[in-house]
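What follows is one structure encoded as structure tokens, with my remarks underneath.
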Amino acid sequence: MIEARGLLFDMDGTLVDSVAAVERTWRGWAALHSLDPIPILAVAHGRRGIDTVRMFAPEGVDVEAEAARLAEVEREQTEGIRAVPGAAALLRSLPPGSWAVVTSADRALATSRMALAGLPTPDLLITAEDVTTGKPDPQGYRLAAQRLGLAAEDCIVFEDAPAGIAAGRASGAMLVVVATTLPRAELTGEAWIEDFSGASVSIVAGRLCVHFA
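First residue of the sequence shown: 852, per the numbering used here; consecutive thereafter.
If you want it as structure tokens, here you go:
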């Protein structure tokens, strides 16, 4: 059991199983530019699209235009989008104003994927457009905590990918890794869960007590 005043969730890989859609998008982009997709996929999960494009785009490519085109392609990748087990029930049990989603996706993609996965739309959604620096920078998580009226240290961040894990840790929040992306062997020393199956929340003295099965 972990106690906090607010819960901050990443989306892709944490609440929404979208690995296949993400990888189709980046493999297609890599093929278009004759790039090896393996190093791209190693860092793309959890990062804003524009940041990944900037890292790998060949010389002469218009990064902003390419990222915008990729965002459109990714919105069309709807096959196989589903909720991580237990995520829907957990989110629906949370009190209003106690949680947020902090994602590297843009707002249109985030709302689409949450809906496709059958998850409730959060009252507070921090997306790629809301930050000047994406994960692994902690700006998004700190902003979400602030808008909930909390310090990041009073929150739990749920994450799955290296960039997001680094952002959550740097924010000062408690960190729980959802083991959907990284091998278990890489999670030594981390607090981690398989998924949200059996997770529940009780409220004691105004604090959220998160229980894991």
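Cβ atoms here follow ideal geometry from the backbone N, Cα and C, with glycine treated the same way. A quick note: this is a predicted structure, and the numbers were derived from the prediction, not measured.
Within the same chain, show all residues whose beta-carbon is closer than 7 angstroms to that of E874, passing over the 5 residues directly before and after it, in chain order.
L892
Segment contact, 8 angstroms Cβ cut-off, at least three pairs: the stretch 912 to 929 with the stretch 884 to 903:
yes
Completely contained beta strand (DSSP E) runs for the stretch 908 to 966, where each covers 3 or more residues
950 to 953
Helix, strand or coil: how does DSSP classify A855 here?
strand
Within 8 angstroms, do at least three Cβ pairs link the stretch 1029 to 1036 to the stretch 940 to 960?
no
On the premise that F1009 lies in contact with V1027, defined as a C-beta separation below 8 angstroms, what is that separation, rounded to the nearest angstrom?
5 angstroms
What are the boundary residues of the alpha helix (DSSP H) that E874 is part of?
V870 to L883
Between the CA atoms of F907 and L886 - distance to the nearest angstrom
8 angstroms
On the three-state DSSP scale, how would you describe R899?
coil
If distances are taken between C-alpha atoms only, which option among R964, V953, T1031 and M862 comes closest to D981?
V953
From the DSSP output, read off the bridge partner residues of V1028.
E1010 and W1043
Cβ-based burial, E927 [other Cβ within 10 Å; buried from 16]:
exposed
Own chain partners of L945 with C-beta closer than 7 angstroms, once the 5 adjacent residues on each side are dropped:
L858 and V1052
C-beta contact flag for E925 and T876 at 7 angstroms:
yes
Residues that DSSP places opposite S1053 in a beta bridge:
C1060
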